[in-house]
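Below is one structure, written out as structure tokens; the observations come after it.
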Amino acid sequence: MNEQFERLLQRAEQLIGRIEAVLPRPMGEPDWTASIAFRYRKRSGGHGVLEPVRHVAQMRLQDIQVVDGQKEKIQR
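Numbering (the numbering used here), first residue to last: 1 to 76.
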């Protein structure tokens, strides 16, 4: 390869490294066995995580209103 192209590649790699350093880390997969419900919590820096809901309120299916189509799918 020619020298100018190699310098360009090196500078591009340096730039990519600097950009990656300021991006938030990818969100890790939560422990799905920790709860039946999860909430998204935004953290400082603009990214967030899924956290298990510790105390899930009990709810009967008949208490949920205006979602008849979804209820039918749950009952199948």
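All C-beta atoms in this analysis are idealised placements derived from N, C-alpha and C, irrespective of residue type, glycine included.
Since this is a predicted model, take the numbers as computed values, not measurements.
DSSP beta-bridge partners of Pro52: The partner list for Pro52 (beta bridge, DSSP) reads Phe38.
Integer Cβ distance of Arg39 from Val53, believed to fall under 8 Å: Confirmed, Cβ separation roughly 6 Å.
Who are the Cβ neighbours of His79 in its own chain at under 8 Å, not counting the five residues just before and after it? The structure shown does not extend to residue 79, since the chain is modelled only from 1 through 76, so no value can be given for it.
State the CB to CB distance for the pair Ile64 and Lys73, rounded to an integer number of angstroms; the pair is presumed to be in contact (CB under 8 Å). With a Cβ gap of about 12 Å, Ile64 and Lys73 do not count as contacting.
Cβ separation of Val56 and Ala37, assumed to be a contact under 8 Å, to the nearest whole Å: At roughly 5 Å, the Cβ-Cβ gap stays under 8 Å, so Val56 and Ala37 are in contact.
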